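One structure is given below, encoded as structure tokens.
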Amino acid sequence: ETGVTQTPRHLVMGMTNKKSLKCEQHLGHNAMYWYKQSAKKPLELMFVYSLEERVENNSVPSRFSPECPNSSHLFLHLHTLQPEDSALYLCASSQDWGSSNQPQHFGDGTRLSIL
Amino acid sequence: QKEVEQNSGPLSVPEGAIASLNCTYSDRVSQSFFWYRQYSGKSPELIMSIYSNGDKEDGRFTAQLNKASQYVSLLIRDSQPSDSATYLCAVNSLYFGNQFYFGTGTSLTVIP
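In order, the protein sequences belong to chains A and B. For the first sequence, position 35 matches number 26 in this note's numbering, and the numbering has no gaps at all. For the second sequence, position 7 matches number 40 in this note's numbering, and the numbering has no gaps at all.
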């Protein structure tokens, strides 16, 4: 079983729709992350959760709403998105937040297209 | 100024050659450095980490770190077509809230 699983793999939605992205990690990690990956741009950190508490919110528009019900699951709720939000959304986890030498492990991402 | 800079490529090398991927970073107090490989449509996969100056070897991969020059590189020896991917450099600094900063990635093509 893969370490970090994301669903769905692909999502097409209109600007007025509401949808959610799901991430599940099977690594026993305590920190989880949402990243946005757009073409020709570096990975952009969106949110960080440590032990189910949000610790970072990098000026992300309120149309993106994260939820972390437990240390294994992370959601990203989407509503009223804009065409520029079309991107690959990656979930990652690491053993702990605050330890610089711990790498992050990524899921395969959700390819989101906004019509 | 970008926190992490990489040449986007594409970089093409013949099979069996050495591929050299470079990365520079702006934060002098960065402590940890990582190389990820990302195949098209797949997730970034960690292939190397390095924390102190010098070289670190793992199989065909060698990471090199020079903190004085704020430079980290990845060498791939005996390049194989299966090494064709985008390579992401990531830098972590506790000074900036333990954030990972990623480069835009270098696209590598190994020609059979």
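Using N, Cα and C, we set each Cβ at its ideal position, and we do this for glycine too. These numbers come from a predicted model, not from an experiment.
- A Cβ-Cβ contact shorter than 8 angstroms links threonine 142 of chain B with serine 117 of chain B.
- Non-local C-beta neighbours of leucine 69 of chain A in its own chain, meaning closer than 6 angstroms and more than five positions away in sequence, comprise Lys10, ordered along the chain.
- Each of A:Met6, A:Leu12, A:Thr7 and A:Gly5 was checked against the Cα of proline -1 of chain A, and the nearest Cα belongs to A:Leu12.
- Here the alpha carbon of alanine 123 of chain B sits roughly 7 angstroms from the alpha carbon of valine 37 of chain B.
- A contact between stretches requires three or more CB pairs, one per stretch, nearer than 8 angstroms, and the stretch 77 to 84 of chain A meets this requirement with the stretch 25 to 38 of chain A.
- Against histidine 96 of chain A, the close residues of chain B are Leu79, in the order they occur along the chain (beta-carbon pairs closer than 8 angstroms).
- Proximity of chain A to glycine 42 of chain B at the Cβ level (cut-off 9 angstroms) is not reached, the minimal Cβ distance being about 12 angstroms.
- At least one CB of chain B lies nearer than 8 angstroms to the CB of aspartate 99 of chain A.
- Our two residues, arginine 110 of chain B and methionine 4 of chain A, have alpha carbons roughly 44 angstroms apart in a direct line.
- Under the 8 angstroms criterion on CB atoms, valine 37 of chain B is classed as interfacial with respect to chain A.
- Your pair alanine 50 of chain B and leucine 44 of chain B does not check out as a contact, with CB atoms roughly 11 angstroms apart and the cut at 8 angstroms.
- Between leucine 108 of chain B and tyrosine 120 of chain B, the C-beta gap is not smaller than 8 angstroms, which leaves the two residues out of contact.
- For phenylalanine 94 of chain B, the nearest beta carbon of chain A is not closer than 8 angstroms to its own beta carbon.
- Judged by DSSP in its simplified three-state form, serine 115 of chain B adopts helix.
- Within 10 angstroms of the beta-carbon of serine 84 of chain A lie 16 or more other beta-carbons, which makes it buried.
- Look at aspartate 60 of chain B here: in three-state DSSP terms it is coil, with no helix or strand label.
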